[in-house]
Amino acid sequence: MQGDTLHLLIIDDDTMLRRNISVYFEDSGFFVTQACNGTEGIKLFSQNQPDIVMVDLLMPDTGGLAVVEHVKKTAPYVPVIVISGVNLVDEAVRALKKGAWEFITKPIIDHGVLDHAVKKCLERASFLLERSQYHALLESRLEDHSHELRSTNDQLVRYQQLLRSNSSFVNNLVEAIPSPLYISDKNAVCIDCNKAFCDMLQLDKSEVLGARISDLLAANTTCADAFCSNVFENNNSGDCEITYVGADKRISYYVLYRSSFTNGHEGKVHTLGVLYNITELKAQKEIVAHQAFHDELTTLPNRLYIVNFLREVLEQDSGTTRFCLLFIDLDNFKRINDSLGHDLGDELLKLVAIRLKDIVGTTGKVARVGGDEFLVLLPDVIEEGVISNHAEKLNEVFQQPFYVALHKLHLSVTIGITCYPDDGHDANTLLTRSDIAMYRAKEQKRSSWMRFDRCMLEQVKERLKLERLIREGLERHEFIPYFQPRFDVQSGDIVGAEALVRWIRPDGSVGNPAEFIPVAEETGLVRELGGQVLIDACRQMHAWHEMGNPDLTISVNISAVQFTEDLYDTVSSAIEESGINPVKLELEITETIMMKNLEKTAQILRELAELGVKIVIDDFGTGYSSLYYLKIFPIDILKIDRTFIDGIPEDENDGNIVSAILSMAKQMKLHVVAEGVETDEQLVFLQNHQCEEAQGFLFSKPVAAEEFVLMLGDEKAF
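This is the structure we're talking about:
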């Protein structure tokens with residue numbers, strides 16, 4: 001740990017994946033080190049002792065399993081998260097058995113999954129470390145008690161030695177021993193005992209002496225092992241754990257130590273029994289065991305409990321077991337947690353747990369398996385109709401608001417469902433596939449729940465393949481900017497262009513942006529992709545300036561993933577490397593991105609404005625449409641979304657909206673660009689309402705740089 005900063009070690013031969021994960025967690029305040037193979041990773045681990053490790057299973061040289069084994073052996077309380085493809089599930093299970101804490105499948109669709117896994121592992125590591133310290137304390141106490149027992153045994157040995165010579169002294173010694181103690185003859189009849197033994201039995205000494213030990217103890221005692229089965233009927237030496245129910249019905253736990261000895265004078269065999277009370281120690285151990293398998297906040301079973309429970313159920317399955325798992329994700333919990341605070345978020349999670357337990361009742365199980373993730377296990381449920389009813393019932397329950405600290409909060413859920421035995425035959429497979437189904441439901445947004453289908457595995461494989469191809473494409477610089485010209489609405493001159501990414505594959509085919517951009521955003525690859533497009537677009541525009549077109553502007557889109565504190569460095573670096581005049585560079589940002597964190601947005605935009613670049617609100621009117629941000633943010637240009645342009649001039653409402661935007665922009669001295677212009681009638685409307693610029697298929701589709709430069713020499717578009 002670097003001071004108070006958590007240290008993350010990433011071990012993966014995939015350079016881009018390491019870089020993306022590193023950037024994500026560095027933004028979250030982590031100190032990150034990287035290794036490209038297991039050998040280097042083990043070396044860095046030994047040198048730096050990080051707080052958490054992420055490792056790929058399949059790497060050249062030393063693989064992920066060796067890393068897991070090394071960490072488990074040298075630092076068992078350091079969490080290890082294995083990251084690999086779905087085709088390596090068996091290897092992942094081996095890694096989990098060897099000591100890995102979590103398994104994340106590629107592609108990493110949402111960095112929030114990693115974030116949850118890291119937080120969960122760190123919480124568990126903290127707990128286990130505290131537990132180990134607690135165990136050390138218990139062991140210390142146990143050693144103290146063992147020392148007392150050894151002292152007691154030493155005293156008993158001395159008692160045996162003194163028995164022949166000084167009975168008065170021995171009687172005093174026996175009474176001084178705090179643990180219950182008795183002496184029985186060869187027939188297991190009590191011939192002596194101390195007061196502690198009488199107190200345990202709640203009998204007078206006169207009632208104890210002469211009674212058989214079995215009559216005194218057996219009726220109220222159960223034994224923990226075979227040795228104890230007739231412990232009160234024989235004179236064998238040894239020890240065992242017993243459970244004793246007193247006359248007051250209180251349950252106590254003892255370890256019974258017995259030793260046979262021979263009276264030297266008479267040659268008679270006697271048995272000495274000492275009962276050491278371990279009730280408190282046992283209770284403490286049970287508390288620790290409960291904490292290991294339950295969530296501290298909600299008291300629900302945790303993921304470890306569910307995995308172990310499922311393993312036991314499946315091991316005992318004779319072919320008749322049936323159940324389904326519902327993996328539940330709270331859709332907007334993170335927003336509530338971030339905006340209202342973690343204390344309120346914790347209270348909300350407690351209420352969610354209560355609501356889930358109420359709906360499931362005693363027929364199933366509810367567990368908390370992640371920060372905002374829960375699991376419901378329903379036995380004897382695999383029929384599609386019954387599953388559907390349960391899922392819909394859960395949705396209905398969450399439509400009711402939660403009341404926390406005077407706040408009325410609304411949560412929605414997304415549910416992924418797997419069934420045994422149809423969807424998997426082991427605990428980890430069932431959990432992983434329910435997680436996959438949940439994310440698929442989130443992506444499609446057609447339903448709040450989805451049953452796992454094996455075609456999802458193919459979709460995951462295809463997604464993995466696409467992610468790999470994107471990474472390779474970035475390395476080979478296959479992503480290039482195309483340019484859609486922007487025209488002065490009144491003169492018809494080209495005044496600038498919007499840079500739009502195109503993927504030109506080695507075989508000459510063009511990748512579909514609708515397919516690869518979402519994957520790039522979800523995996524974080526859009527950072528590098530956007531950076532490449534930005535620098536290439538700036539270089540190209542600078543070249544056109546040098547060719548005699550100094551007034552042209554270039555507009556580049558910025559995604560939500562790129563909109564972070566390091567955006568300033570990315571943009572300033574592109575300006576410096578390309579030589580472009582910063583006032584000719586425009587950055588397009590959507591309303592939705594801007595409104596996520598007003599303070600952070602204002603800071604980033606002010607820094608960019610100081611560079612001289614222009615800030616463009618993209619798709620204006622389709623997001624929050626708050627006039628407030630036009631006041632507090634350094635905005636230069638508004639782009640009217642095509643959804644409004646499509647309807648003009650026929651749709652009166654669209655026409656009024658466009659007219660109002662143009663009028664407002666003029667009053668606020670903002671430049672306006674209309675995008676998606678496709679008809680002459682739309683162009684005439686924009687000319688009549690004094691719109692400055694327009695772009696769209698009426699003028700030109702996005703074209704390669706070579707074609708764009710030819711358009712600069714053509715006659716005016718209209």
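So the sequence shown is numbered by UniProt numbering: it starts at 1 and just counts up by one. Glycine included, C-beta positions come from ideal geometry on N, C-alpha and C.
- Distances from the CA of residue 709 to each of 419, 450 and 484 were compared; the closest alpha carbon is that of 484.
- Within the same chain, Cβ atoms closer than 6 angstroms to the Cβ of residue 221 are found at 242 and 244, the five residues on either side in sequence being excluded.
- Under the DSSP definition of a beta bridge, residue 484 partners with 498.
- Residue state for residue 629 is assigned as helix, using DSSP reduced to three classes.
- Three or more Cβ pairs drawn from the stretch 440-451 and the stretch 384-401 lie within less than 8 angstroms of each other, which places the two stretches in contact.
- According to DSSP, residue pairing for residue 557 in a beta bridge involves 588.
- In the structure shown, the three-state DSSP call for residue 697 is coil.
- Between residue 209 and residue 240, the beta carbon gap of about 24 angstroms keeps them out of contact (Cβ cut-off 8 angstroms).
- Taking the Cα positions, residue 678 is about 34 angstroms away from residue 469.
- In the three-state reduction of the DSSP assignment, residue 190 falls in the strand class.
- Ranked by Cα distance from residue 705, the options 536, 404 and 593 are led by 536.
- Contact between the stretch 636-644 and the stretch 592-608 is absent: fewer than three C-beta pairs spanning the two stretches fall below 8 angstroms.
- Counted as a single uninterrupted DSSP element, the beta strand (DSSP E) harbouring residue 618 occupies residues 614-620.
- Here the alpha carbon of residue 175 sits roughly 18 angstroms from the alpha carbon of residue 256.
- Straight-line spacing of the CA atoms in residue 616 and residue 531 works out to 18 angstroms.
- Residue 259: member of the beta strand (DSSP E) spanning 251-262, first to last residue.
- Around residue 474, the same chain offers 16, 525, 528, 529 and 532 as residues with beta carbons nearer than 8 angstroms, after the five sequence neighbours per side are excluded.
- Annotated three-state conformation of residue 104 is strand, per DSSP.
- Secondary structure note for residue 54: its beta strand (DSSP E) is the uninterrupted segment 52-56.
- If you keep only unbroken beta strand (DSSP E) runs of at least 3 residues inside the stretch 639-677, you get 671-675.
- When the beta-carbon positions are compared, residue 10 and residue 32 come within less than 8 angstroms of each other.
- Counting the other CB atoms within 10 Å of its CB gives residue 594 a total of 16 or more, which places it among the buried residues.
- Per DSSP, the unbroken alpha helix (DSSP H) holding residue 459 starts and ends at 455-475.
- The Cβ-Cβ distance between residue 430 and residue 414 does not fall below 8 angstroms.
- In this structure, DSSP gives residue 291 a helical state, which the three-state scheme calls helix.
- Counting C-beta pairs with one atom in each stretch, the stretch 454-465 and the stretch 682-696 have fewer than three that are closer than 8 angstroms, which means they do not touch.
- Under DSSP, no beta-bridge partner is assigned to residue 43.
- Per DSSP, residue 277 is one residue of the beta strand (DSSP E) stretching across 269-277.
- Exclusion of the five residues before and after residue 187 leaves no residue of its chain whose Cβ lies closer than 7 angstroms to its Cβ.
- Under the criterion of beta carbons closer than 8 angstroms, residue 585 and residue 554 qualify as touching, at roughly 6 angstroms.
- In this structure, residue 332 and residue 412 form a Cβ contact; the two beta carbons are roughly 7 angstroms apart against a cut-off of 8 angstroms.
- Residue pairing by DSSP places residue 327 opposite 375 and 416 in a beta bridge.
- Distance from the Cα of residue 352 is smallest, within the candidate group 285, 685 and 299, for 299.
- In the structure shown, the three-state DSSP call for residue 518 is helix.
- Nearest C-alpha to residue 422 among 103, 323 and 270: 323.
- Taking 8 angstroms as the cut-off, the beta carbon of residue 290 is found no closer than this to the beta carbon of residue 301.
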